[in-house]
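Take the sequence shown: its letter number 73 is residue 73 in the UniProt record's numbering, and every next letter is one higher.
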Amino acid sequence: MRKVYTHAKLVTMATDVYASDGYSCQDNQSIAVEDGKIVALGHDAEALDWPSQSLNGKLVTPGFIDSHTHLVFAGNRAGEFEQRLNGVPYQTIAAQGGGILSTVKATRAASEATLLELAVPRANALIRDGVTTIEIKSGYGLTLEDELKMLRVAKSIDQHLPVNVSTTLLAAHALPPEYRNDADSYIDFVCHTMIPAAAEQQLADAVDVFCENIAFSVEQAERVFAAANAHGLKIKAHTEQLSDLGGSVAAAKAGALSVDHIEYLSEADVQVLAEYDTVATLLPGAFYFLRETQQPPIAALRESRVPMALATDFNPGTSPFASLTLMMNMASTLFGLTPKENLYGVTRHAAQALGLSHKGQIAVGFDADLAVWDCETPAELSYMVATAPLLGRIVNGDWYDEQGVRG
1 MRKVYTHAKL
11 VTMATDVYAS
21 DGYSCQDNQS
31 IAVEDGKIVA
41 LGHDAEALDW
51 PSQSLNGKLV
61 TPGFIDSHTH
71 LVFAGNRAGE
81 FEQRLNGVPY
91 QTIAAQGGGI
101 LSTVKATRAA
111 SEATLLELAV
121 PRANALIRDG
131 VTTIEIKSGY
141 GLTLEDELKM
151 LRVAKSIDQH
161 LPVNVSTTLL
171 AAHALPPEYR
181 NDADSYIDFV
191 CHTMIPAAAE
201 QQLADAVDVF
211 CENIAFSVEQ
221 AERVFAAANA
231 HGLKIKAHTE
241 QLSDLGGSVA
251 AAKAGALSVD
261 HIEYLSEADV
271 QVLAEYDTVA
281 TLLPGAFYFL
291 RETQQPPIAA
301 LRESRVPMAL
311 ATDFNPGTSP
321 FASLTLMMNM
331 ASTLFGLTPK
341 ENLYGVTRHA
351 AQALGLSHKG
361 QIAVGFDADL
371 AVWDCETPAE
381 LSYMVATAPL
391 LGRIVNGDWY
401 DEQGVRG
């Protein structure tokens, strides 16, 4: 398919966030796409005698990328939310069968068809917020059969919706009840059975691990990283969310694309992220929902020029939010990020966090994944929440309106 999109106000994200003070906005521009790729810009695009569509001077950014979600699950934890607000301790809720294991129980019991039926509206909410690529993790199955079931559902979403999907095996999310008090044996199972199976069946692009005092140790995480590397899968990690355990450094040294949460990352360890070119993924939704007070080391990340991604962390327990623009607003109000940093965080840096070198920028050779907005400046995308400024998305070169209907 060949097409030229004309009269666009482009926000290309083609320059390094730390090398430029602006957004690289360009008025009255044209974009030529062919077979899902951007093949020409500006006068070169205008010179092509191809079918065209005017974007009427509207703001055009790279399509948003949500680089950290837990979109596939069954059940909900609204009751626990209410219990906590009524003063019931989390330990009591967990003892009653609540917490993450309640989601595990519901997800295990659900069929693939049911999980898909539940996941599609969640993905649609992100689509209506300008998202063209979603990363989706497993992690609520914790058995071989159920983890692979979750990944199959995640991979099938792009057959039902106009969105790109990247999948991550997060089997090392929590200790399943079958392995109570035997985390090492479970990690052996993850490394020797789950990771090889996910790789062989081509169900996962990456492997993730929750490295925390309440989950898995640095040494256990390192075993997961080694297994992922051995099977050619990318590495991501949940690290330093609740304590400074050292998981971020271990992940970076193992070649991780990103370390996520990082509220307790030390300023010294920020240097390691810079050295290994590891993305710092910030998840303000969980910070807000859990009413945390320890902020990520934003100033140190800036000083070391570490790329910062933003993601929803959409999940039923700690971040039930399916809106990247809401996360942009939260990142500014809670963490002090600028609107420019936010926009890089959901485009260029989010692509880097997933190892998608062909996404996140408007440039020749990149995927033709774009979002078209009814606003004057990029700052508005971080400023006003739930005003639905999205006019449409271009996914793999094709136009879809704000409801995801192909035009």
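A virtual CB, placed ideally from N, CA and C, is assigned to each residue, including glycine.
Looking only at C-alpha atoms, which of the options sits nearest to residue i?
i, options, result
"G404", "F210, P162, N181 and P320", "P162"
"T107", "P89, D146, G130 and G87", "D146"
"V153", "A197, L126 and A204", "A204"
"L48", "A311, L245, R2 and H7", "R2"
"V33", "A215, I362, E135 and K155", "I362"
"A40", "V218, G247, Y383 and A368", "A368"
"I38", "V4, Y23, N56 and A8", "V4"
On the three-state DSSP scale, how would you describe residue i?
i, result
"K58", "coil"
"I262", "coil"
"T132", "strand"
"H349", "helix"
"G247", "helix"
"L282", "strand"
"F321", "coil"
"A32", "strand"
"T15", "coil"
"S111", "coil"
"S20", "coil"
"Q26", "strand"
"I100", "helix"
Between the alpha carbons of residue i and residue j, how many angstroms are there, rounded?
i, j, result
"I93", "V104", "15 Å"
"P320", "I262", "19 Å"
"E341", "N181", "42 Å"
"Q29", "A45", "9 Å"
"T132", "V224", "29 Å"
"G255", "H238", "14 Å"
"C25", "L370", "14 Å"
"S382", "H192", "44 Å"
"I195", "L242", "26 Å"
"P51", "I100", "51 Å"
"V218", "L10", "43 Å"
"L257", "V346", "15 Å"
Under a CB-based cut-off of 8 Å, is residue i close to chain D?
i, result
"V385", "Here there is only one protein chain, and chain D is not present."
Does the beta-carbon distance from residue i to residue j come in below 8 Å?
i, j, result
"V190", "I235", "no"
"R77", "G285", "no"
"A119", "L71", "yes"
Is any heavy atom in the ligand ADP found nearer than 7 Å to the beta carbon of residue i?
i, result
"L142", "With respect to small molecules bound, the structure shown includes none, and the ligand ADP cannot be examined in it."
message = Is it the case that the stretch 59-75 contacts the stretch 337-351, given that we only count it when at least three CB pairs across the two stretches are under 8 Å?
response = yes
inquiry  = Would you call the stretch 52-60 in contact with the stretch 70-84, where contact means no fewer than 3 C-beta pairs closer than 8 Å?
reply    = no
key: Validate contact between the stretch 83-97 and the stretch 267-278 using beta carbons, cut 8 Å, 3 pairs   = No, because fewer than three Cβ pairs between the stretch 83-97 and the stretch 267-278 fall closer than 8 Å, the two stretches do not touch.
ask   = Is the number of C-beta pairs between the stretch 165-183 and the stretch 136-143 that are closer than 8 Å three or more?
value = Yes: the two stretches touch, three or more of their Cβ pairs being nearer than 8 Å.
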